[in-house]
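One structure is given here, and the rest of the page talks about it.
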Amino acid sequence: MDINILYYLIPSLFMFCCGLYGFITRRNMIAILISLELMLNSVDINFAAFNRFMYNDQLEGMFFSLFAIGLAAAETALAIAIIINVFRVSENIDVDDVVKMKN
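Throughout the sequence shown, residue numbering follows the numbering used here, covering 18 to 120 in sequence.
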């Protein structure tokens, strides 16, 4: 049985849409960060899927996925540090309360 590329792209599209919905509708910074990570993971699935089906003998898609995972880890560490500082100032991690940090 040959696996079609749609078996990878449809769950990836679903993951990306769920992440986009969460990114747009959430007000909690942690929930926004999780939604962003969900979107990045769906892009990693696309990198791996297109690498397997288009360039089966090469590993560029896998290297892009590893690079994206490392970039996502660094982005998460930085975002958590920013969220902790926002919580120290406003004692709330809602996006609407970040305006208080301007003063």
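Heads up, the beta-carbon is just placed ideally off N, CA and C, and yes, glycines get one too.
So, is residue i buried or exposed, given that buried needs 16 or more other C-beta atoms within 10 angstroms?
i    : result
M32  : buried
F104 : exposed
G87  : exposed
I41  : exposed
F63  : One point to set straight first is that residue 63 is Asn, not Phe, in the sequence displayed. The residue is buried, with at least 16 neighbouring Cβ atoms inside 10 Å.
A66  : buried
L50  : buried
M46  : buried
D61  : buried
Following the continuous alpha helix (DSSP H) through residue i, name the residue where it begins and the one where it ends.
i   : result
Y25 : 23-42
N68 : 46-71
Tell me, please, which residues DSSP counts as bridged to residue i.
i    : result
D111 : N45
Specify the secondary structure class of residue i as computed by DSSP and reduced to three states.
i    : result
L147 : Residue 147 lies beyond the stretch modelled for the chain, which goes from 18 to 120, so this question has no answer here.
I20  : coil
The stretch 95-103 in contact with the stretch 68-80 per 3-pair CB rule at 8 Å: no
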